[in-house]
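A.B. asks: If you scroll down you'll find the structure; I have some questions about it.
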């Protein structure tokens, strides 16, 4: 009986050990998904030269520096952890802000890109030439991406692969649509490309005008909500220099208050963003 129990235990341990490698790929996929999302975020912010590891290292450095400085001034570990979390998220928040600003900027520029392509097609240029000429005639912020396309096409002559790299560099839903329209026109031909581009240009201008009006109307509400969210933590930062306040937050009840306050602030901020968010076009053609 004892030998049978020992055999069953050994078999169970063997099965547990053999089940380990199946969890590894799942964690690897999670890490790759996070890295891919970070790469896309950096590309949409116009920072494609920055690697995800550099962003993570910057966030960690900001968190450590904020923790050391805040803890050294206030002598309260809880307050140091609270402000370290804010400082660690600050680089990501700045990049997301840059992504929103770049999205607004590109929204105003895409109609000009489509108009240039339509004019080049009507003038008899081939599709690669029409796209490459945007490196000189296109909007200034988009010229580097089209310049890289022109260099890639001159080096390889492979229109499809160059379009894939252009789409990854632009990292924009409208750019995806334009690139795929050019790919279809190149592969199957047709005479409706000029009409399609003119219709797309008109639609993009109307969408940009409507979205700008909505964002202008809701901007003051969102900014007021952000100010209301930051105000309690700014007051906490001022109170942290007073010794009697530090003693209160060094206690277990004080740490609980900080934790609950941080959770409520995060929840309220996410709800505010959810309510104020306008419909965003997804990159379904990436």
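Numbering (my numbering), first residue to last: 0 to 285.
Ideal Cβ positions, reconstructed from N, Cα and C, are used throughout, including at glycine.
1. Buried or exposed for residue 112, going by 16 or more other Cβ atoms inside 10 Å?
2. For residue 82, which residues of its own chain have a beta-carbon under 6 Å away from its beta-carbon, when the five flanking residues on both sides are left out?
3. Please report the straight-line C-alpha distance between residue 157 and residue 139, rounded to a whole angstrom.
4. Which class does residue 276 belong to by DSSP, given the choice of helix, strand or coil?
5. Ignore the nearest five residues each way along the sequence and tell me which others in residue 221's own chain have a CB closer than 6 Å to its CB.
6. Please report the straight-line C-alpha distance between residue 55 and residue 107, rounded to a whole angstrom.
7. Mapping the DSSP letters down to three states, classify residue 52 as helix, strand or coil.
8. Would residue 133 and residue 145 qualify as a contact pair, given that the criterion is a beta-carbon distance under 7 Å?
9. Here's a check: name, in chain order, each residue in its chain whose Cβ is nearer than 6 Å to the Cβ of residue 3, leaving out the five neighbours to either side.
10. Hey, out of 271, 236, 262, whose CA is closest to residue 73's CA?
11. So, residue 110 versus residue 180, is the Cβ gap smaller than 7 Å?
12. Measuring only the C-alpha atoms, how far is residue 38 from residue 150?
13. By a C-beta neighbour count over all protein chains shown, 10 Å radius and 16 as the cutoff for buried, is residue 242 buried or exposed?
14. Quick one: what does DSSP say residue 142 is sitting in, helix, strand or coil?
15. Could you name each continuous alpha helix (DSSP H) segment of 4 residues or more that falls completely within the segment 224-250, going from the start of the chain to the end?
16. Pick from 233, 143, 187: whose alpha carbon is nearest that of residue 48?
17. To the nearest angstrom, how far is it from the Cα of residue 93 to the Cα of residue 103?
18. Just verifying my parser: in three-state terms, what is the DSSP assignment at residue 309?
19. Using DSSP with H/G/I as helix, E/B as strand and the rest coil, what is residue 194?
20. Taking its Cβ as the centre, do 16 or more other Cβ atoms sit within 10 Å of residue 78, making it buried, or is it exposed?
21. If you check the beta carbons only, do residue 196 and residue 105 fall under 7 Å apart?
22. When the Cα atoms are used, what is the spatial distance from residue 163 to residue 137?
23. Assign residue 266 to one of two classes, buried (16 or more other C-beta atoms within 10 Å of its C-beta) or exposed (fewer than that).
24. I'd like the span of the alpha helix (DSSP H) that includes residue 122, first residue to last.
25. From residue 272 to residue 165, what distance separates their C-alpha atoms?
C.D. replies: Put simply:
1. Position 113 of the chain shown, counted from the first residue, corresponds to residue 112. Classification for residue 112: buried.
2. For the purposes of this step, residue 82 is taken as the residue at position 83 of the chain shown. Result list for residue 82: 65, 69, in chain order.
3. As a first step, residue 157 is located in the chain shown; it is residue number 158 there, counting from the start. As a first step, residue 139 is located in the chain shown; it is residue number 140 there, counting from the start. Residue 157 and residue 139: Cα-Cα distance of roughly 25 Å.
4. The residue given as residue 276 occupies position 277 in the chain shown. DSSP places residue 276 in coil when its eight states are reduced to three.
5. Working through the chain shown from its first residue, we reach residue 221 at position 222. Excluding five sequence positions before and after residue 221, the CB atoms of its chain that fall closer than 6 Å to its own CB belong to 275, given in chain order.
6. Translated into positions along the chain shown, residue 55 becomes position 56. Translated into positions along the chain shown, residue 107 becomes position 108. Our two residues, residue 55 and residue 107, have alpha carbons roughly 31 Å apart in a direct line.
7. Numbered from its first residue, the chain shown carries residue 52 at position 53. If DSSP states are grouped into helix, strand and coil, residue 52 belongs with the helices.
8. Looking up residue 133 in the chain shown gives position 134. Looking up residue 145 in the chain shown gives position 146. Yes, these two residues count as a Cβ contact at 7 Å.
9. Locating residue 3 in the chain shown gives position 4, counting from the first residue. Per-residue confidence for residue 3 stands at a pLDDT of 48, beneath the threshold of 50, marking its modelled position as unreliable; the derived number appears in the next sentence. Non-local beta-carbon contacts of residue 3 in its own chain, meaning distances under 6 Å to residues more than five positions away in sequence, are absent.
10. Taking the first residue of the chain shown as 1, we reach residue 73 at position 74. With distances taken between CA atoms, residue 73 lies nearest to 236 out of 271, 236, 262.
11. Position 111 of the chain shown, counted from the first residue, corresponds to residue 110. Position 181 of the chain shown, counted from the first residue, corresponds to residue 180. In this structure, residue 180 does not lie closer than 7 Å to residue 110 by Cβ.
12. Taking the chain shown and counting its residues from 1, one reaches residue 38 at position 39. Taking the chain shown and counting its residues from 1, one reaches residue 150 at position 151. C-alpha separation (whole angstroms): 23 Å.
13. Here the question's residue 242 lines up with position 243 in the chain shown. Per the 10 Å Cβ criterion, exposed.
14. The residue labelled residue 142 in the question sits at position 143 within the chain shown. Assigned with DSSP and collapsed to three states, residue 142 falls in helix.
15. Runs of the alpha helix (DSSP H) inside the segment 224-250: 242-248.
16. On the chain shown, residue 48 is found 49 positions in, with the first residue counted as 1. Nearest C-alpha to residue 48: 143.
17. As a first step, residue 93 must be located in the chain shown, where it is residue number 94. As a first step, residue 103 must be located in the chain shown, where it is residue number 104. Taking the straight line joining both Cα atoms gives about 15 Å.
18. Since the first residue of the chain shown is 0 and the last is 285, residue 309 is not available in this structure.
19. Position 195 of the chain shown, counting from 1, holds the residue named residue 194. Three-state result, residue 194: helix.
20. Mapped onto the chain shown, residue 78 falls at position 79. By the neighbour-count rule (16 or more Cβ atoms within 10 Å), residue 78 is buried.
21. For the purposes of this step, residue 196 is taken as residue 197 along the chain shown, with counting starting at 1. For the purposes of this step, residue 105 is taken as residue 106 along the chain shown, with counting starting at 1. No; because the gap between Cβ atoms is not below 7 Å, this pair is not in contact.
22. Counting from 1 along the chain shown, the entry for residue 163 is found at position 164. Counting from 1 along the chain shown, the entry for residue 137 is found at position 138. Across the structure, residue 163 and residue 137 are spaced so that their CA atoms are roughly 19 Å apart.
23. Here residue 266 refers to the residue found at position 267 of the chain shown. When all chains shown are included, residue 266 counts as exposed.
24. As a working note, residue 122 is residue 123 in the chain shown. Unbroken run through residue 122: none, as it is neither H nor E.
25. Start at 1 with the first residue of the chain shown, and residue 272 comes out as number 273. Start at 1 with the first residue of the chain shown, and residue 165 comes out as number 166. Each residue's alpha carbon lies about 31 Å from the other.
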